[in-house]
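Counting in numbering that gives the first Met the number 0, the sequence shown runs from 0 upward without gaps. Let me begin by presenting the structure, written as structure tokens, before commenting on it.
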Amino acid sequence: MLKKKKNRIFLIVLAVLIGFVLILNTNLESILKDYIATELDVIGMQNEHTLGIGDVDVHFFRGNISVTDFYFKPNDELFASFAYGETAHDAKHQVFVSKISLSGLELFKLIVKREVILDKIEIEELNFNFYQSKKENQVHEITKGKKPAFSLDSIRLSGIDKIELAEIEIANYGVHILDASEVDTLSSYAGKDFLIKGLEMDALKGKQGYFRFDNSALEMELIQQQYQLEDGLYAASFDNLQYSYQKQKVQLINFEFKPIISRAAFASKFSHIYSINEATIDTLLISGIDSYALIHSGVLSIQQLEIIGLNSSIFMDKSKPWDVEKVTDLPQMALEKMRQPLHLGKIKVHNSSFTYSEKLQHTEELVKVNFENLQSEVSFITSIHDSLQSKKSLKVKLSADLLNTLPFSMDITMPYNTADHSFYASGYTKGITNFKNLNPTIFPAIGMKFKNGEFDGVTFKVQGNPNRMTGELTMLYQDLEVEVFKKNKSENKKVSWIANTFMKRSNPNKRGKTIVAGIDFKRIKYKGFANYIWKSVESGIVNSLNPIGKHKKENK
Numbered sequence: 000m001l002k003k004k005k006n007r008i009f010l011i012v013l014a015v016l017i018g019f020v021l022i023l024n025t026n027l028e029s030i031l032k033d034y035i036a037t038e039l040d041v042i043g044m045q046n047e048h049t050l051g052i053g054d055v056d057v058h059f060f061r062g063n064i065s066v067t068d069f070y071f072k073p074n075d076e077l078f079a080s081f082a083y084g085e086t087a088h089d090a091k092h093q094v095f096v097s098k099i100s101l102s103g104l105e106l107f108k109l110i111v112k113r114e115v116i117l118d119k120i121e122i123e124e125l126n127f128n129f130y131q132s133k134k135e136n137q138v139h140e141i142t143k144g145k146k147p148a149f150s151l152d153s154i155r156l157s158g159i160d161k162i163e164l165a166e167i168e169i170a171n172y173g174v175h176i177l178d179a180s181e182v183d184t185l186s187s188y189a190g191k192d193f194l195i196k197g198l199e200m201d202a203l204k205g206k207q208g209y210f211r212f213d214n215s216a217l218e219m220e221l222i223q224q225q226y227q228l229e230d231g232l233y234a235a236s237f238d239n240l241q242y243s244y245q246k247q248k249v250q251l252i253n254f255e256f257k258p259i260i261s262r263a264a265f266a267s268k269f270s271h272i273y274s275i276n277e278a279t280i281d282t283l284l285i286s287g288i289d290s291y292a293l294i295h296s297g298v299l300s301i302q303q304l305e306i307i308g309l310n311s312s313i314f315m316d317k318s319k320p321w322d323v324e325k326v327t328d329l330p331q332m333a334l335e336k337m338r339q340p341l342h343l344g345k346i347k348v349h350n351s352s353f354t355y356s357e358k359l360q361h362t363e364e365l366v367k368v369n370f371e372n373l374q375s376e377v378s379f380i381t382s383i384h385d386s387l388q389s390k391k392s393l394k395v396k397l398s399a400d401l402l403n404t405l406p407f408s409m410d411i412t413m414p415y416n417t418a419d420h421s422f423y424a425s426g427y428t429k430g431i432t433n434f435k436n437l438n439p440t441i442f443p444a445i446g447m448k449f450k451n452g453e454f455d456g457v458t459f460k461v462q463g464n465p466n467r468m469t470g471e472l473t474m475l476y477q478d479l480e481v482e483v484f485k486k487n488k489s490e491n492k493k494v495s496w497i498a499n500t501f502m503k504r505s506n507p508n509k510r511g512k513t514i515v516a517g518i519d520f521k522r523i524k525y526k527g528f529a530n531y532i533w534k535s536v537e538s539g540i541v542n543s544l545n546p547i548g549k550h551k552k553e554n555k
């Protein structure tokens with residue numbers, strides 16, 4: 000009887016304790032929800048933004064708190080003014096999170112000592128919307144001397160004296176860049192397994208209940224990421240990405256950009272000439288990132304981007320017609336029109352290779368051009384208004400081994416904001432090779448093979464604009480002999496004889512005179528910049544061989 004009475008007392012006590020915990024848990028949820036809502040309202044009033052949550056869930060014994068449906072966005076009035084360029088803001092952001100879980104929270108320290116100490120923070124389904132204004136309303140210059148930050152200058156959490164943050168794990172996230180005036184997506188990507196370490200919150204001296212984010216030790220890491228691009232044609236992936244705020248550097252390992260559909264599927268999607276691009280990078284190093292300009296002004300400002308071990312290729316299908324209505328801007332013109340505020344000091348490429356191939360209408364053989372040992376440097380890439388007005392130029396330096404036989408170098412200078420959008424280019428090859436080594440490129444394109452001859456090198460110098468390119472070219476060669484073929488690939492002996500009889504066989508000729516050929520090429524505006532350069536150089540090569548071609552001068 001006594002035993003039954005003790006059991007009954009134990010059950011009553013247990014029930015009371017459970018009830019007490021449930022009541023305490025429920026009250027804590029209510030108190031915490033009201034507290035968070037109040038703090039978010041105060042923050043919103045101070046920063047012209049609206050912050051809110053859906054619900055709060057508290058597990059007293061486990062020390063876990065979860066917040067669902069968190070959002071941070073500019074208020075409607077501010078966003079409308081921003082979209083129409085009526086504010087001084089350059090970019091606006093929206094953040095939506097489906098769930099934030101705080102684990103390992105010691106409720107005793109929270110209630111008694113007013114300290115927030117966490118073991119782990121997990122975020123599920125984070126979406127970051129980045130809105131841009133019209134180009135004419137965007138930032139005109141990069142503000143110097145400001146300390147980068149990833150947050151508000153300060154945040155108010157009344158009644159709290161200390162905060163210790165743990166690692167932050169983001170399970171799934173999406174980044175979306177949108178046009179504010181049209182509310183149209185410009186680009187977006189999604190990923191998972193995002194780790195943030197070293198983010199701290201320090202109490203502001205003299206302002207009780209206010210904290211600022213200290214990101215001096217901030218590090219971010221992404222592992223095994225893959226993104227399918229919006230057009231559904233390509234995917235990008237990498238093995239590892241690490242970012243250090245202290246070093247202001249990003250290191251990306253084993254990057255890959257490739258199509259996710261077959262060539263036949265590509266062909267079915269395009270009615271005009273199209274290209275298929277692929278690239279892999281061993282290591283990508285980004286240094287001098289201005290995170291303040293990116294977060295607060297939407298400006299992508301980077302001092303240097305270094306690419307090591309780039310292997311890229313372009314396949315162009317020219318069996319389809321050109322889109323003659325298309326107008327392709329020169330590179331500096333495209334930057335002048337770019338919506339995204341961008342300033343990139345320098346891009347360096349080392350130990351790389353590039354392959355270009357194209358399919359023509361009249362043959363199944365592919366035209367192929369290989370560049371090995373590729374080294375390149377591109378400097379002063381900008382779309383910022385003040386930088387465009389600085390009278391500096393976009394510059395490209397390129398060197399490679401052409402077709403594995405000819406060392407080749409080229410320099411291009413493209414001044415910004417000139418009246419005629421002029422640019423300048425020069426290039427040369429070094430070394431000597433047999434003309435036969437050029438046949439894999441020449442034969443599929445024009446149905447001609449080099450039968451004999453020695454190629455001693457070429458130099459050229461041109462000036463161009465969006466309409467025409469002019470200049471001069473000197474090609475040195477000896478004992479040139481060609482074979483011209485019919486469409487059925489049999490040699491056209493009559494045309495071969497005419498070509499070998501009338502074209503120039505050597506330069507310098509037997510009298511020691513060197514022909515300097517003229518370059519004069521009218522641009523086809525629906526074709527790209529690389530085509531423009533090549534066709535202009537090609538016109539100089541033709542004039543070098545043609546006895547009645549345009550020759551600017553003859554020198555001994």
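Where is the CB? At the ideal position from N, CA and C, for every residue including glycine.
Taking all protein chains shown into account, decide if residue i is buried (16 or more other Cβ within 10 angstroms of its Cβ) or exposed.
{"i": "F269", "result": "exposed"}
{"i": "D316", "result": "buried"}
{"i": "E471", "result": "buried"}
{"i": "S296", "result": "buried"}
{"i": "A82", "result": "buried"}
{"i": "E482", "result": "buried"}
{"i": "P320", "result": "exposed"}
{"i": "S215", "result": "exposed"}
{"i": "V55", "result": "buried"}
{"i": "V366", "result": "buried"}
{"i": "N606", "result": "There is no way to answer for residue 606, as the model of the chain reaches only from 0 to 555."}
{"i": "K429", "result": "exposed"}
{"i": "H271", "result": "exposed"}
{"i": "T49", "result": "buried"}
{"i": "G539", "result": "buried"}
{"i": "D289", "result": "buried"}
{"i": "A333", "result": "exposed"}
Among the options, whose alpha-carbon lies nearest the alpha-carbon of residue i?
{"i": "D192", "options": "Q303, S382 and L240", "result": "L240"}
{"i": "L299", "options": "G287, Y423 and I306", "result": "G287"}
{"i": "D213", "options": "P439, N171 and L164", "result": "L164"}
{"i": "S408", "options": "I167, S398, E255 and Y423", "result": "S398"}
{"i": "S382", "options": "Q331, A79, L437 and R113", "result": "Q331"}
{"i": "L177", "options": "L221, A189, E357 and N128", "result": "N128"}
{"i": "A235", "options": "I159, Q225, Y242 and Y244", "result": "Q225"}
{"i": "K325", "options": "S97, E121 and Y525", "result": "Y525"}
{"i": "K206", "options": "D160, L221, M447 and N506", "result": "D160"}
{"i": "T432", "options": "N63, L104 and L402", "result": "L402"}
{"i": "E114", "options": "Q250, F210 and G456", "result": "F210"}
{"i": "S505", "options": "T473, W533 and I532", "result": "T473"}
{"i": "K98", "options": "K345, L104 and D68", "result": "D68"}
{"i": "S389", "options": "T404, Q374, N416 and N369", "result": "N416"}
{"i": "S351", "options": "I306, A516 and L393", "result": "I306"}
Excluding sequence positions up to five away, which residues of its chain have a Cβ less than 7 Å from the Cβ of residue i?
{"i": "E435", "result": "The amino acid occupying residue 435 in the given sequence is Lys; Glu does not appear at that position. Closer than 7 Å at the Cβ level, and outside the excluded window around K435, lie F449."}
{"i": "K460", "result": "S425, G470 and E471"}
{"i": "G527", "result": "T327"}
{"i": "L544", "result": "M502 and K503"}
{"i": "R262", "result": "I275"}
Quick one: what's residue i bridged to in DSSP?
{"i": "S389", "result": "S389 pairs with nothing; no bridge assigned."}
{"i": "S243", "result": "E218 and K248"}
{"i": "R211", "result": "D201"}
{"i": "S187", "result": "H175"}
{"i": "I52", "result": "In DSSP, I52 forms no bridge with anything."}
{"i": "G470", "result": "V461 and I518"}
{"i": "K367", "result": "S356"}
{"i": "A424", "result": "I411 and V461"}
{"i": "T440", "result": "According to DSSP, which records beta bridges pairwise, T440 is partnered with nothing at all."}
{"i": "K394", "result": "S378 and T412"}
For residue i, which residues of its own chain have a beta-carbon under 6 Å away from its beta-carbon, when the five flanking residues on both sides are left out?
{"i": "V395", "result": "V377 and I411"}
{"i": "V541", "result": "none"}
{"i": "I195", "result": "I167 and M219"}
{"i": "L343", "result": "I301 and I380"}
{"i": "D400", "result": "E371, N372 and P406"}
{"i": "K145", "result": "Confidence at K145 is low in this model, with a pLDDT of 49, below 50, so its placement is unreliable and no value can be given for it."}
{"i": "V536", "result": "F459"}
{"i": "V256", "result": "Going by the sequence as given, residue 256 is Phe instead of Val. So the list reads A235 and A278, once near-sequence residues are dropped."}
{"i": "L479", "result": "G452 and R504"}
Check: Would you call the segment 303-312 and the segment 261-279 touching, i.e. three or more CB-CB distances under 8 Å?
Finding: yes
Notebook entry, point to check: Taking one C-beta from the segment 520-538 and one from the segment 462-474 each time, how about it: are there three or more such pairs within less than 8 Å?
Noted result: yes
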